[in-house]
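Data first, discussion second: the structure below is written as structure tokens.
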Amino acid sequence: MAEAIVTSVLEEALRQASERIAKKITEGKRLTSTDVIILLLDQMNKRMEAMNESLNKRIDDLNTSLNKRIDDLSASLNKRIDDTNRRIDDIKEDLRSLHQEVSSIKSDVIALMREKLKAG
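When the letters of the sequence shown are read in order and numbered with the working numbering, they come out as residues 9 to 128.
So this is what it looks like as structure tokens:
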């Protein structure tokens, strides 16, 4: 917080000093070494601000891209899990049917064995 305040105060001081120097230039007065240094500092500050904005935009774009990839991957994974669950449910149903058939065959075999034992 304090750093932001100091930065904004320094930016304002540079802006005001640059305006005074610009006025000096329009009046045709000579610039001192300090004036030139202030102009250079102002230019460097503007370039750093532009670079900072550019980097922030790149970070935001990357963040957006990564979030989209994560969301896409999550959706794909959820679909695959749902498909797998559906296949498991189908296999369960097939197993139930097979179990019923085996039970039916078992009952038939037992009945046939009883008949054979009674007949024999």
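Ideal placement from N, C-alpha and C gives every residue a C-beta, glycine not left out.
Taking Cβ positions, are residue i and residue j nearer each other than 8 Å?
i	j	result
D43	L22	no
I33	I46	no
N53	E19	yes
Determine the DSSP secondary structure at residue i, reduced to helix, strand or coil.
i	result
T42	helix
K37	coil
M121	helix
M9	coil
Label residue i either buried or exposed according to how many other C-beta atoms from any shown protein chain fall within 10 Å of its C-beta, with 16 as the threshold for buried.
i	result
I96	exposed
What's the C-alpha gap between residue i and residue j?
i	j	result
I11	V17	The residue asked about is misnamed: residue 11 is Glu in this sequence, not Ile. Straight-line Cα distance between these residues: approximately 10 Å.
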